[in-house]
Amino acid sequence: MRIEQEVAKILIKNKKTLSLAESCTGGLLSNFLTDISGSSKFLKAGIVAYSNEAKTKFLKVPSKLIATHGAVSSQVAIKMANGARKSLSSDYGIGITGIAGPTGSTKNKPIGFAFIAASSKKHDICIQCQFKGSRKTIKSQACKKSLGLLSVLLQE
Numbered sequence: 005m006r007i008e009q010e011v012a013k014i015l016i017k018n019k020k021t022l023s024l025a026e027s028c029t030g031g032l033l034s035n036f037l038t039d040i041s042g043s044s045k046f047l048k049a050g051i052v053a054y055s056n057e058a059k060t061k062f063l064k065v066p067s068k069l070i071a072t073h074g075a076v077s078s079q080v081a082i083k084m085a086n087g088a089r090k091s092l093s094s095d096y097g098i099g100i101t102g103i104a105g106p107t108g109s110t111k112n113k114p115i116g117f118a119f120i121a122a123s124s125k126k127h128d129i130c131i132q133c134q135f136k137g138s139r140k141t142i143k144s145q146a147c148k149k150s151l152g153l154l155s156v157l158l159q160e
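Here the sequence shown is numbered in the working numbering, starting from 5 and rising by one per residue.
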């Protein structure tokens, strides 16, 4: 069973809901989950907050936080996950921000660099990742990693 199917099964069984905040994945995680029949039982929404403006307006990420730490940071990923979860009154939220390439990298944030956060009412977890490959591969890896991170919260 694929990770998205495992996560869906747990969410449905426990009658829990999920909302997403995607930046570098551009809605791919939403696509993965909506490919599952019955996903409307657990998936409330997926917000593609690609611009900093969207992150602040729809997810309530403070613009000062983005200015201080950058859009690709653990602090922003956590706020994105929390913003998605809280704005839609979901049980869980996921926030993904990173650099899928082939442009946009810096010395400190190369192509494939990402932060992924998962949020519940109890607490948040965030990981730093360095993915390799094409833009499409990096996006897919980030989605799968985010579901793995969510599965950790689901076991609590």
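All residues carry an ideal CB built from backbone N, CA and C; glycine is no exception. Note that the structure is a prediction, hence the values are computed from the model and not measured.
Do residue i and residue j have their C-beta atoms closer together than 7 Å?
i: Ala25; j: Ile51; result: yes
i: Ile115; j: Ala146; result: no
i: Ala58; j: Ile82; result: no
i: Ile142; j: Ala104; result: yes
i: Leu92; j: Ala49; result: yes
i: Val11; j: Leu157; result: no
i: Phe36; j: Ile16; result: no
i: Gly3; j: Leu63; result: The chain is shown only over 5 to 160; residue 3 falls outside these bounds and no answer can be derived.
Check each candidate in the options and name the one with the smallest Cα separation from residue i.
i: Ser77; options: Val11, Ser93, Ile14, Gln134; result: Gln134
i: Leu69; options: Phe62, Val80, Ser150, Leu63; result: Val80
i: Leu22; options: Glu160, Lys148, Ser124; result: Ser124
i: Ser138; options: Ser27, Thr107, Leu63; result: Thr107
i: Glu128; options: Lys111, Ser144, Thr110, Met84; result: The question names Glu, but residue 128 in the sequence shown is Asp. The residue with the shortest Cα to Cα distance from Asp128 is Met84.
i: Glu160; options: Gln9, Met5, Ile14; result: Ile14
i: Asn56; options: Asp39, Gly42, Gly74, Ile40; result: Gly74
i: Lys20; options: Ala71, Ser150, Asp95; result: Asp95
i: Lys90; options: Ser27, Ser150, Lys126; result: Lys126
i: Val65; options: Ser27, Lys136, Lys149, Asn18; result: Ser27
i: Lys140; options: Asn18, Gly31, Gln9; result: Gly31
i: Thr119; options: Asp39, Ser144, Thr110, Ser150; result: Strictly speaking, residue 119 in this sequence is Phe, with Thr absent from that position. When each option's Cα is compared against that of Phe119, the closest is Ser150.
Look at the alpha carbon of residue i and the alpha carbon of residue j, and state the distance between them as a whole number of angstroms.
i: Thr29; j: Ser44; result: 20 Å
i: Leu33; j: Gly152; result: 12 Å
i: Ala71; j: Ile98; result: 22 Å
i: Ser67; j: Lys61; result: 9 Å
Which first and last residues belong to the alpha helix (DSSP H) in which residue i is found?
i: Glu57; result: 56 to 63
i: Ile16; result: 7 to 17
i: Gln145; result: 139 to 158
i: Thr72; result: 67 to 73
From what residue to what residue does the beta strand (DSSP E) around residue i run?
i: Ser27; result: Counting along the chain, Ser27 falls outside any beta strand (DSSP E), and DSSP gives it neither H nor E.
i: Val115; result: Reading off the sequence shown, one finds Ile at residue 115, where the question assumed Val. Premise fails: Ile115 is in no beta strand (DSSP E) and is neither H nor E.
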